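All letters in the sequence shown, in the order written, are residues 0 to 313 by numbering that gives the first Met the number 0.
In this text, a Cβ means the ideal position worked out from N, Cα and C, and glycines have one as well.
Owing to the predicted nature of the structure, the values given are computational and were not obtained by experimental measurement.
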Amino acid sequence: MSEITCFDISEPVLHISSGKFSAGLNWKHKHMYHDGNFEIIIVIQGTLYLQVDDERYVINESEVFSLPPFHHIRGFKESPKNSQYFWFHFFPKPNGLKIKDTTSMSENDIIGLFTNNQAALPLQFKMNSVDRAFMLANQVLDVAKNNYFADISIDYLLTSLLIELSEDYYQTLSGATVTEDEARINGIKEWIRSNLSEKLRVNEVADHFELNPHYLVRIFKEQTGMTVIQYISDLKLRDAQELLLRTNLPIKQIASMAFYPDEKRFMKVFKEQLQLTPTEFRNAYTRKFLDSSSFDPEVTITKNTDNYRERFNH
């Protein structure tokens, strides 16, 4: 399908359901029919093999798949074990969805679809930057699992994610140039993520990329707003938070898995950064972001559409 979906964002979309799913052995997406609701899938790792009606798509890590309503979707091949993705079902504003056939449209015509009140997404594209999108996705899940938040909070966060994805796609279309330093830092960040360890130091990163450590520190701070050490520390802390939320592992084991030298150091850093101990954080956020076998994200949405439409009238 050579199509782009345009969303009216003058009002927030209506969140229906969302989650983060990790594929087990021999898993493939079940058959669904999207009866009026829109779905966005963001692949975190691995690969999804999806068939939409009669067409097949392979969606890889850091790619976004945006499926409009009234299509059948199913897996046509098993995904690798531990493939992981965010999924979001929502209703757009009534009459706020337009599907554009891009077959005969020029690049400038497509760019013209992006306005202050309209976001646009193709069926599939690869994100240039994943950090902010992943952060917003996790925030949507956090609020959606927390019953004391009003529904409108989830709607606004999901709309923010939609805008962020649209902006990322716009940057791709508009040919926004990436400087040499930006490209280099993006590569360094990916390498750090893949080689995170207790003893990872600035000199080691600089040596790998054949850079002067002082030069690395300077351009890294210019491009990211943080030092290399701060970035490494932030990655470790985020890994620890995920483990606290998604597992029942003891604190000592989590400290080791997140590459802290010992449990005491981990607890000190955690408390300094979040004003909570690891145990307090785990108890405060008992919501599970990762779907288990007790909940199937591919179950067809059956909620009454009218109930959601009514919320636009208040």
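Run of the beta strand (DSSP E) containing residue i, from where it starts to where it stops
i	result
Val227	Note, Val227: premise wrong, no beta strand (DSSP E); alpha helix (DSSP H) at 227–245.
Leu96	96–100
Asn59	54–59
Gln274	Here Gln274 belongs to no beta strand (DSSP E), and DSSP marks it neither H nor E.
Ala119	117–121
C-alpha gap between residue i and residue j, whole angstroms
i	j	result
Ile8	Ile191	36 Å
Asp154	Arg131	17 Å
Phe37	Asp100	18 Å
Gln272	Val227	17 Å
Leu243	Val42	22 Å
Asp108	Pro249	55 Å
Ile151	Asp206	49 Å
Glu209	Glu189	16 Å
Val12	Ser78	30 Å
Thr246	Phe280	13 Å
Leu164	Pro121	10 Å
Thr171	Phe124	9 Å
Residue i, DSSP secondary structure in three states
i	result
Gly74	strand
Phe90	strand
Gln222	helix
Ile40	strand
Glu2	strand
Pro260	coil
Val142	helix
Ser255	helix
Glu279	helix
Ser16	strand
Proximity to residue i [Cα-Cα], best of the options
i	options	result
Ile58	Gly74, Lys198, Gly35, Pro68	Gly74
Leu161	Gln240, Glu181, Val139, Ile98	Val139
His70	Arg55, Ser61, Lys76	Arg55
Met126	Asp167, Gly95, Asp180	Asp167
Lys220	Glu203, Arg183, Asp206	Arg183
Gln83	Phe20, Leu156, Phe269	Phe20
Ser196	Ser255, Cys5, Arg217	Ser255
Residue burial classification, residue i (beta-carbon count within 10 angstroms, cutoff 16)
i	result
His14	buried
Gly18	buried
Ile3	buried
Endpoints, alpha helix (DSSP H) assigned at residue i
i	result
Val12	Segment: none, Val12 is in no alpha helix (DSSP H) and carries neither H nor E.
Glu209	First-last for Glu209: undefined, no H or E at that position.
Glu181	179–193
Cβ-heavy atom distance, residue i to the ligand FAD, below 8 Å
i	result
Val129	Absent from the structure shown: the ligand FAD. Ligands present: none.
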